[in-house]
Amino acid sequence: MKLIVNIKKKLGSFHLNVDFIIENEIVAILGASGSGKSMTLKCIAGIETPDEGYIILNDRILFDSQKKINLSPQDRHVGYLFQDYALFPNMTVTNNIMAGMGRNPDREVLLRMVKQFHLEGLEEHYPAQLSGGQKQRVALARMMASEPDVILLDEPFSALDTYLRWEMEQEMGELFNEINKPVILVSHNRNEVYRLCQTVSCMEEGYMEKPVSRKLFFHHPKTKTAAILSGCINISRAEQIDDTHVFALDWNMTLTVPKMRHPVEYVGIRSHCFKNIEEDNVFTLLEARLFEEPYEWNVSFLTENSSARLYWKIPKEDIGVVLELPQKLYVKKEDILLLR
43 MKLIVNIKKK LGSFHLNVDF IIENEIVAIL GASGSGKSMT LKCIAGIETP
93 DEGYIILNDR ILFDSQKKIN LSPQDRHVGY LFQDYALFPN MTVTNNIMAG
143 MGRNPDREVL LRMVKQFHLE GLEEHYPAQL SGGQKQRVAL ARMMASEPDV
193 ILLDEPFSAL DTYLRWEMEQ EMGELFNEIN KPVILVSHNR NEVYRLCQTV
243 SCMEEGYMEK PVSRKLFFHH PKTKTAAILS GCINISRAEQ IDDTHVFALD
293 WNMTLTVPKM RHPVEYVGIR SHCFKNIEED NVFTLLEARL FEEPYEWNVS
343 FLTENSSARL YWKIPKEDIG VVLELPQKLY VKKEDILLLR
């Protein structure tokens with residue numbers, strides 16, 4: 043199955059600009075609140091209408107502004123799981139699931155959904171009587187009962203506590219790997235995305251970058267936005283000196299970097315990439331501050347004449363380093379992220 047999306051829509055102070063093709067894979071859209079992630083899903087589902095463009099699912103046109111085609115949500119065969127699950131409060135679990143089947147509910151499908159999503163014994167309960175995890179399973183069962191051709195998930199774990207979130211992630215990951223359909227997961231939780239998705243994109247002020255493999259997105263981001271969303275907190279404006287050197291403006295220092303193959307506007311260093319062994323790039327620690335977290339230590343520091351602090355993560359077991367912080371840290375040139 044294939045989903046093709048090429049749409050634009052005016053959204054307040056910016057324009058939604060989305061262009062991608064996905065097949066039978068789980069794709070994540072990472073982005074801050076208000077960046078246009080949820081609006082993208084609503085346009086695919088038919089809840090919102092783009093200003094221009096087209097949406098095609100398995101060679102079936104769901105929307106085309108030029109051809110004046112705009113199928114209703116009911117005719118699109120799109121499964122959409124809202125953040126708040128949107129269960130009918132006056133319906134039992136059974137009736138909520140059957141509502142997803144349209145005018146001809148199938149009892150066998152109902153029984154299969156109840157079993158698959160571990161809802162035995164809850165069939166006659168109302169949403170107000172369910173826990174957060176149970177509500178989510180009912181919403182998933184209702185969505186899957188409609189046999190959608192594509193699945194859209196809008197931050198499905200945001201209302202769950204840590205343990206339940208982990209449990210539901212495992213269940214949903216197994217389910218979506220089995221059904222062999224396009225799945226789009228909207229999230230701002232990079233750990234959740236890393237665990238569940240094979241392909242990742244990011245969105246900022248309505249613009250969605252081209253989806254890339256999970257490994258490429260997290261280990262070799264190409265833009266400042268992607269680097270931040272992948273967890274990099276040390277980012278500086280940069281000016282290119284030559285093919286292998288840049289000047290980091292916010293850190294007031296020259297860095298040796300891999301040979302540049304495209305213009306560089308920013309550089310990034312992940313906080314675990316600082317080493318206490320001599321490498322290409324030397325950072326002098328000034329005004330160091332130490333912060334303890336459950337499983338690691340964080341050190342924030344300045345370099346000579348820098349205008350921004352840098353952050354270094356130290357594993358908890360390296361207590362010797364924490365007791366006597368080094369005067370200098372080093373970063374390999376291969377660990378410098380070159381960003382647009």
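Count along the sequence shown starting at 1, add 42, and that's the number in my numbering. We put the beta carbon where it would ideally sit given N, CA and C, even for glycine. None of the values given here were measured: they were computed from a predicted structure.
Residue environment, residue i, which counts as buried when at least 16 other CB atoms sit within 10 Å
i	result
Lys266	buried
Gly95	buried
Asp360	exposed
Lys301	exposed
Glu234	buried
Asp284	exposed
Gly163	exposed
Tyr308	buried
Phe159	buried
Lys257	exposed
Three-state secondary structure (DSSP) of residue i
i	result
Lys44	coil
Gln240	coil
Tyr96	strand
Asn146	coil
Asp203	coil
Ala350	coil
Arg331	strand
Ile9	Residue 9 lies beyond the range of the chain shown here (43 to 382); nothing can be said about it.
Ser77	coil
Pro190	coil
Leu129	coil
Leu83	helix
Among the options, nearest to residue i - alpha-carbon criterion
i	options	result
Val135	Leu153, Leu123, Pro300, Met210	Leu153
Phe343	Tyr337, Lys355, Asp106, Glu335	Lys355
Arg145	Ser255, Ala187, Arg179	Ala187
Lys358	Gln369, His314, Asp284	His314
Lys52	Leu45, Ile46, Val60	Val60
Ile226	Arg232, Glu216, Cys239	Cys239
Glu366	Val373, Ile378, Trp339	Trp339
Tyr353	Pro147, Asn276, Ile71	Asn276
Pro224	Ser173, Thr91, Leu72, Tyr122	Tyr122
Bounding residues of the beta strand (DSSP E) (the contiguous stretch that carries residue i)
i	result
Thr326	323-326
Ser342	338-344
His57	56-64
Phe105	102-106
Gly163	Gly163 -> no beta strand (DSSP E), and no H or E assigned at all.
Thr298	295-298
Ile311	308-311
Ile89	Per DSSP, Ile89 belongs to no beta strand (DSSP E) and is neither H nor E.
Leu123	120-123
Leu113	Counting along the chain, Leu113 falls outside any beta strand (DSSP E), and DSSP gives it neither H nor E.
Segment limits, alpha helix (DSSP H) that includes residue i
i	result
Arg184	174-187
Asn138	135-141
Could you pull out every unbroken alpha helix (DSSP H) segment of at least 4 residues lying fully inside the region 231-290, listed in chain order? Within the region 231-290, the runs of alpha helix (DSSP H) at least 4 residues long that lie entirely inside it are, in chain order, 232-238, 256-261, 266-271.
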